[in-house]
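Residue numbers (the numbering used here): 240 to 836.
Encoded structure:
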């Protein structure tokens, strides 16, 4: 299934390329509330580093004094002391890991909450541009990479760096010539590690983007499985996914190849130091310039250098990946919603339902969809919107609850510009029932009460009865506690629409927005839905995208749309006399719904 065309033809958001250090600085800012855990982890790290500096020298002393000096007592107690130091070091490492993990898990918790909060509050224009799979990838996989960075990755990187510096100093103090010979390989190691990180970061970003594409492809296929099977597109979908999966595989293979070359190369460079110790240090032992214990301590220290190098080879790519992940996350968090409360916005209060469009125009990007829309609706009136596909009907009803804001003109509710009032106070008094009613995986009761959490059982039942839904609900296996599938797939189209009507009734809105299409249901269900609509619109200002003659006849006003403009306004009878376009629509679509004599 090809990706669905967006309702708004705008380009996909491109991530801004920010300096890695700036991104990482912002990421580490999320650790600030958990400074106690971080302080405990890094205090343990300092003690462990101190032990790492002492233990190799202590081992050399044991060899020279206990073994070479032939002192069994010294050997016994010193080995026991070494065992105690090792156990103490293990306990500190455990404490360090626990504390850093607690802090990093909290960072992930905060980031996911912040992303969810942001996505919930962003306007429709953002979601029209975005792909669900990509957003899921950022909220789950990218956050997990940030969690790893702020936890174990940073601890290991800092530990390795400090161990590298401390060991280097000790080697030079022990023997200047041998120490400098071993350390000559360190600049090469550092250069190689940094060079790898700068090349790996762009590639890791491509891998993450392609993984988001795969997630989107799977999500769209699962959501549109009925259409895939109905149009016999299984093979083409499998082929399309295979192509995207192949691209991800190739990118991942390049990534793995880079790492496979880099890590052994780092080990090779580091092991040159051990070769130098064996060759030149061995000669110094032969010449009595070094003891056996000292050369063993040297080898132990260099062994400690190899481990930080290994960590550099693993952690620097992780930092690069986390930098890309942070960049993608902050792209979402930094997005400014096009529709939001103005600084001086105030609650609108309880409204009557008067609605006025004053010279309203609206554009989707560069495409103008509405031009100079002017009409007035009195409280309690029903307005039918009629016109061909793309004439602007859906855009008009989307502007009333401020899913989008007009690019020109203003919309007034009870005389107040809706951009001057709070979104919550406006939308809480607008009920929306569309043809494709959206339900959530949960119980029937939860779906009816969605948006009216304080509603009692009696209110839910009364709303269901008014929506002609009570009968099929009580016949369900668990009645109002019956759980429905995701998007209500276990219910028929008529049942979903009646539950959506019950939800709107329970909200008791002053303004209603309806799509009364019933073409896909049988005659009995259609009759029940029409009865529910009649109960719903009583005493409310109602905007209906009209598909039925009965709706058009009963409307107080009919607004006929053509190419984003109002062609004519009037009643059914008057428009038949004055509007060529309305007469054409009536003859083509509505006349066949006239009852036969």
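All C-beta atoms, glycine included, are put in the ideal place defined by N, C-alpha and C.
Comparing alpha-carbon positions, which option in 805, 766, 803, 780 lies nearest residue 789?
766
Taking residue 707 as the reference, give the member of 732, 741, 716, 688 with the closest Cα.
Nearest of 732, 741, 716, 688 to residue 707, Cα basis: 741.
What do you get for residue 398, buried or exposed, if any count of 16 or more other CB atoms within 10 angstroms of its CB means buried?
buried
Could you check whether residue 668 and residue 749 sit closer than 8 Å to each other, using their CB atoms as the reference points?
yes
Between the CA atoms of residue 405 and residue 248 - distance to the nearest angstrom
Only weak support exists for where residue 248 lies, its pLDDT of 35 falling under 50; the coordinates are left without a value.
Which term fits residue 261, buried or exposed, when burial requires 16 or more other beta carbons within 10 angstroms of its beta carbon?
exposed
Whole alpha helix (DSSP H) elements within the region 784-835, 4-residue minimum
788-793, 811-817, 819-824
Give the DSSP bridge partners of residue 415, in chain order.
DSSP output for residue 415 lists no bridge partner at all.
For residue 604, count the other beta carbons within 10 Å of its own beta carbon; 16 or more makes it buried, fewer makes it exposed. Which is it?
Answer is exposed; the Cβ neighbour count stays below 16.
Rounded separation between residue 737 and residue 654 - CA only
Answer to the nearest angstrom: the Cα atoms are 33 Å apart.
Please name the residue, chosen from 532, 632, 695, that lies closest to residue 306 on a Cα-to-Cα basis.
532
Supposed contact pair residue 801 and residue 630 - C-beta distance, whole angstroms, cut 8 Å:
About 6 Å separates the two Cβ atoms, so the contact holds.
When the Cα atoms are used, what is the spatial distance from residue 732 to residue 452?
31 Å
Would you give the residue range spanned by the beta strand (DSSP E) that residue 606 belongs to?
606-616
Assuming residue 783 and residue 753 make a contact with CB atoms under 8 Å, what is their CB distance in whole Å?
Taking the Cβ atoms as the reference, residue 783 lies roughly 5 Å from residue 753, within the contact range of under 8 Å.
Is the beta carbon of residue 702 less than 8 Å from the beta carbon of residue 745?
yes
Residue nearest to residue 659 in terms of C-alpha spacing, selected from 579, 413, 751, 326:
579
Return the CA-CA distance between residue 254 and residue 570, expressed in angstroms with no decimal places.
With a pLDDT of 46 at residue 254, under the threshold of 50, the predicted position of this residue should be treated as unreliable, and no value is reported.
Cβ neighbours of residue 823 in the same chain (closer than 6 Å, five flanking residues each side left out)
none
Beta-carbon spacing of residue 473, residue 467 below 8 Å:
Less than 8 Å separates the beta-carbon of residue 473 from that of residue 467.
Give me the Cα-Cα distance between residue 577 and residue 543, rounded to the nearest whole angstrom.
The C-alpha of residue 543 is placed about 55 Å away from the C-alpha of residue 577.
Excluding sequence positions up to five away, which residues of its chain have a Cβ less than 6 Å from the Cβ of residue 644?
578
Report all residues from its chain with a CB closer than 6 Å to the CB of residue 250; omit the five preceding and five following residues, and keep chain order.
Confidence at residue 250 is low in this model, with a pLDDT of 34, below 50, so the placement of that residue should be treated as unreliable; the coordinate-derived value is given next. Contacts found: none.
What does residue 597 pair with, by DSSP beta-bridge criteria?
649
Assess, as a yes-or-no matter, whether the region 268-281 is touched by the region 503-512 under the definition of 3 or more beta carbon pairs within less than 8 Å.
No, because fewer than three Cβ pairs between the region 503-512 and the region 268-281 fall closer than 8 Å, the two stretches do not touch.
Can you give me the Cβ contacts of residue 688 inside the same chain, cut-off strictly under 7 Å, excluding the 5 residues immediately before and after it?
694, 699, 745
Can residue 494 and residue 442 be called in contact, C-beta distance under 8 Å?
yes
Since I believe residue 294 is in contact with residue 317 (beta carbons under 8 Å), could you give me their beta-carbon distance rounded to a whole number of angstroms?
Their Cβ separation, rounded to whole angstroms, is 12 Å, which puts residue 317 and residue 294 out of contact at 8 Å.
Taking DSSP's pairing of strands, which residues face residue 585 in a bridge?
660
Can you tell me the Cβ-Cβ gap for residue 349 and residue 269, rounded? I've got them flagged as a contact below 8 Å.
6 Å
Can you list the alpha helix (DSSP H) stretches of 4 or more residues lying completely in the region 394-457, in chain order?
415-422
From 560, 651, 361, residue whose alpha carbon lies closest to that of residue 618
When C-alpha distances from residue 618 are compared across 560, 651, 361, the shortest belongs to 651.
Start-to-end residues for the beta strand (DSSP E) that takes in residue 389
Counting along the chain, residue 389 falls outside any beta strand (DSSP E), and DSSP gives it neither H nor E.
For residue 647 and residue 616, believed in contact at Cβ under 8 Å, the rounded distance
That belief does not hold up - the Cβ atoms of residue 616 and residue 647 are roughly 20 Å apart, past 8 Å.
From 776, 340, 298, 641, residue whose alpha carbon lies closest to that of residue 665:
641
So what's residue 695 in DSSP terms, helix, strand or just coil?
coil
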